[in-house]
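Enquirer: Heads up, the sequence shown stops at 394 in the numbering used here, and the numbers go up one at a time, no gaps.
Note that CB positions come from ideal geometry on N, CA and C, so glycine has one too.
What follows is a structure written as structure tokens; I'll ask about it next.
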Amino acid sequence: MRLKSGNLHPLGLCGLLAAFTVAVLAASPAAAQEYPAKDIRMIVPFSAGSGADAAARQIATRLSEKLGKPIIIDNMPAGNTIVGADTVAKATPDGYTLLFHATQFIVSPALFKTLPYDTIKDFEPVARVTSQSLLLAIPTTLKIDNLKDFVAYAKKNPGLNYASTGLGSSLHLAGAYFDHVAGLKANHIPYKAAAQALADLVRGDVAYMFYPYPPFKPHIDAGKLKILGSSGAEKPAFFPEAQPMTAFGYKDFVLPAWHAVYAPAGTPKAIIDKLDKTLKEIADDPETRAKMSAIGIDLYYASSAELKKLLPQEIEKYARIIEIADVPKQ
């Protein structure tokens with residue numbers, strides 16, 4: 065539409081603004097119907113082959129099948145997951161750049177002095193898709209069969225070592241919180257390589273460790289590790305022998321790792337709704353559930369609205385745990 069030069073009557077301006085608003089609102093459902101019209105980039109701020117990467121690829125494969133367009137996984141593990149998250153925060157909010165993130169997303173605000181993005185304001189939650197219980201393992205050389213006996217042993221032997229894959233990681237925070245609620249006095253040993261941490265655990269150089277199930281499995285099968293409990297709210301489907309920590313009287317100990325999908329703030333609601341609806345269909349799919357269980361992850365769906373409410377609660381919870389663990393800001 066061409067406008068003639070000169071003064072525009074106020075009513076004419078109001079009419080144009082009203083028409084523009086109607087046009088935008090009318091275009092939003094149409095845009096969602098046409099979405100996606102091209103490949104979608106899903107940024108995973110973890111290395112290829114990691115647990116988060118494995119979960120992202122399972123979800124992305126099913127999402128691609130349902131949406132009819134390729135979803136390209138882009139691993140960006142640099143900067144303690146911050147670089148990948150910041151890339152999405154600053155991306156065009158059109159639904160073609162998504163973030164697949166883990167618990168570190170809600171830990172970072174309390175762990176780092178500054179972030180280049182605002183975890184709440186710069187992202188649009190799409191849906192939570194998983195819950196991954198961390199299993200508490202001890203070496204069988206300790207000859208302890210249950211959590212109660214282990215806690216008694218640890219209290220009689222203060223100064224035991226527990227392993228994690230890094231300061232402020234979900235594994236570290238689970239271990240630190242366990243020490244707090246169980247009244248233990250243990251030493252945290254952060255490892256740069258998970259393989260070395262596992263090797264030292266099997267040998268008995270460290271007394272315990274919280275970690276996802278798949279890396280533990282061969283050592284459990286070989287009789288080298290004993291599982292005493294899990295950090296989830298319920299028994300994990302992939303290893304139902306593991307009782308949740310709440311079953312042992314630690315009522316506030318619900319610290320599963322989990323994964324969710326986010327988009328840049330300002331992404332049209334119609335697109336968020338379409339992605340949310342599709343992810344729910346995936347979470348309800350028995351075949352996908354079985355595939356995720358095989359890699360030690362349970363599907364767990366929470367809608368965009370539910371995830372939006374959950375984020376500030378989880379950020380506050382992990383801030384308290386970081387304070388308990390006395391982890392210095394980085």
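To the nearest angstrom, how far is it from the Cα of A259 to the Cα of D285?
Expert: 17 Å
Enquirer: If P320 and G296 are in contact, beta carbons under 8 Å, what's the gap, nearest whole angstrom?
Expert: Their Cβ separation, rounded to whole angstroms, is 4 Å, which keeps P320 and G296 in contact under 8 Å.
Enquirer: Verify whether the separation of the beta carbon atoms of M226 and G247 is less than 8 Å.
Expert: Note that residue 226 is Tyr in the sequence shown here, rather than Met. Their beta carbons are not under 8 Å apart, which means Y226 does not touch G247 by this criterion.
Enquirer: On the DSSP bridge list, what partners appear for M106?
Expert: Answer is I137 and L162.
Enquirer: Where does the unbroken beta strand (DSSP E) through H323 begin, and where does it stop?
Expert: Segment: none, H323 is in no beta strand (DSSP E) and carries neither H nor E.
Enquirer: Considering just the uninterrupted stretch of the beta strand (DSSP E) at M309, what are its terminal residues?
Expert: First-last for M309: undefined, no H or E at that position.
Enquirer: Please state whether DSSP places D150 in a helix, a strand or coil.
Expert: helix
Enquirer: Can you check DSSP and say which residues form a bridge with S233?
Expert: Partner(s): none; S233 has no beta bridge.
Enquirer: Roughly how many angstroms lie between the CA atoms of F303 and F187, to the nearest whole one?
Expert: CA-to-CA, the gap between F303 and F187 works out to about 34 Å.
Enquirer: H283 and F164 - do their beta-carbons sit closer together than 8 Å?
Expert: no
Enquirer: Closest to I346 by C-alpha separation, out of K381, L127 and I135, would be which residue?
Expert: L127
Enquirer: In this structure, how does DSSP classify S128 when only helix, strand and coil are distinguished?
Expert: Helix at S128.
Enquirer: Tell me where the alpha helix (DSSP H) around E188 begins and ends.
Expert: Segment F187 to S195 is the beta strand (DSSP E) holding E188; no alpha helix (DSSP H) there.
Enquirer: Measuring alpha carbon to alpha carbon, tell me which residue in I208, S111, P376 and M273 is nearest P141.
Expert: S111
Enquirer: In terms of residues, what are the limits of the alpha helix (DSSP H) holding L199?
Expert: Per DSSP, L199 belongs to no alpha helix (DSSP H); it is in the beta strand (DSSP E), L199 to P203.
Enquirer: Once you ignore the five residues that flank Y364 on each side, which residues in its own chain have a CB closer than 6 Å to its CB?
Expert: If we look at Y364 and ignore the five residues flanking it on each side, its Cβ neighbours are T194 and S195.
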